[in-house]
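Colleague:
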Ligand SMILES: [Zn+2]
Ligand SMILES: [Zn+2]
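Printed below as a string of structure tokens:
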């Protein structure tokens, strides 16, 4: 399998590179995603991780700079990132493996779930096919609420096709976004468009029996209401980059026994006391660590690469885990053991 991936990586032909360059030309529209939110505060409580260890699997060779990352042998998988956006921002034309090897990644980095949430990324012969051909990379496809107005029969058919990929582990990210880019004047019109794309995708994902990755920024309660109305309680859900309050998070995980709350670099922001409260009070068994790379760069990340001081990459999820361990007062290795189990439970990987 590894040899096969290696051979494939050698086959990054001129055709593939040309395709990537074309994707990058579309880059501007390809990059209208998210940026950090403001949050508020308080909290406490501790959950202990179980100590059964997971066998290490490291498909990547990394530079391992212990000054930035803790020296752990517990495999770490970034549960949510955007490799297509990352490559566009970094102007990287090679494989993910070569990206990992050329950048600062922790030595226990074991892979990531790459979300593709723009319709241009789903058509045939797109970058995702090369990315998902590599070891240690799994995929998810879904229409981001920022792109909800693009929802159409064609987009839906392309999405169905992409979700049939053998390494597609979930449908998403999808949901609602009432972030600061949405003015109150236009919000009701925008929300109704987002709701339609969201509920259509929920039905699609239920038909395809795919777990869900949910984006509900600034609209956590409304997103929960839609999930409650449309999704069976046992369904697997990753509520990614959670920025809501503790009460809503608790209500959601109580209602959905297989829901996980995703924690990003936001946890490290001085203003994000509300998310630290959420992390303190929720059981570790219900949390996932993610980067949302290239966004949400953790504040505790060292500037190793002067060309990209503001970009996060999937290895930085380990720094989110470090902060999470600090907030919950749990040993980092125990955190890593448990969140690896959570990734396995959520994505079957
Ligand atoms: Zn998102
Ligand atoms: Zn995302």
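Numbering (the working numbering), first residue to last: 344 to 692.
The C-beta atom is built at its ideal place from N, Cα and C for all residues, glycine as well.
Taking Cβ positions, are residue 584 and residue 560 nearer each other than 8 Å?
Modeller: yes
Colleague: Around the Cβ of residue 682, are there at least 16 other Cβ atoms within 10 angstroms (buried) or fewer (exposed)?
Modeller: buried
Colleague: Taking 7 Å as the line, does the beta carbon of residue 635 fall inside it for any heavy atom of ligand 2?
Modeller: Yes, ligand 2 has a heavy atom inside 7 Å of this Cβ.
Colleague: Does the Cβ of residue 665 have 16 or more other Cβ atoms within 10 Å, making it buried, or fewer, making it exposed?
Modeller: buried
Colleague: Rank 412, 593, 515 by C-alpha distance to the C-alpha of residue 448 and give the top, closest one.
Modeller: Of 412, 593, 515, the residue nearest in Cα terms is 412.
Colleague: Since residue 516 and residue 466 are thought to touch, with beta carbons under 8 Å apart, how far apart are those beta carbons, to the nearest angstrom?
Modeller: Not really, about 19 Å apart at Cβ, beyond 8 Å.
Colleague: For residue 415, which residues of its own chain have a beta-carbon under 7 Å away from its beta-carbon, when the five flanking residues on both sides are left out?
Modeller: 451, 675, 676, 679
Colleague: Going by beta carbon distance, what residues of the same chain come within less than 6 Å of residue 662, once the five residues before and after it are set aside?
Modeller: 641, 643, 644.
Colleague: Would you check whether ligand 1 has a heavy atom nearer than 7 Å to the C-beta of residue 424?
Modeller: No, Cβ of residue 424 sits at least 7 Å from all heavy atoms of ligand 1.
Colleague: Whole angstroms is fine: what's the gap from residue 311's alpha carbon to residue 519's?
Modeller: Missing from the structure shown is residue 311; the chain here goes from 344 to 692 and no further.
Colleague: Given that a residue counts as buried once 16 or more other Cβ atoms are within 10 Å of its Cβ, and exposed if not, what is residue 387?
Modeller: The pLDDT assigned to residue 387 is 29, lower than 50, so where the model puts this residue is not dependable, and the model offers no usable value.
Colleague: Nearest-angstrom Cα distance between residue 569 and residue 542?
Modeller: 8 Å
Colleague: Within the same chain, show all residues whose beta-carbon is closer than 6 Å to that of residue 554, passing over the 5 residues directly before and after it, in chain order.
Modeller: 513, 579
Colleague: Nearer than 7 Å: is that true of the beta carbon of residue 490 relative to any heavy atom of ligand 2?
Modeller: no
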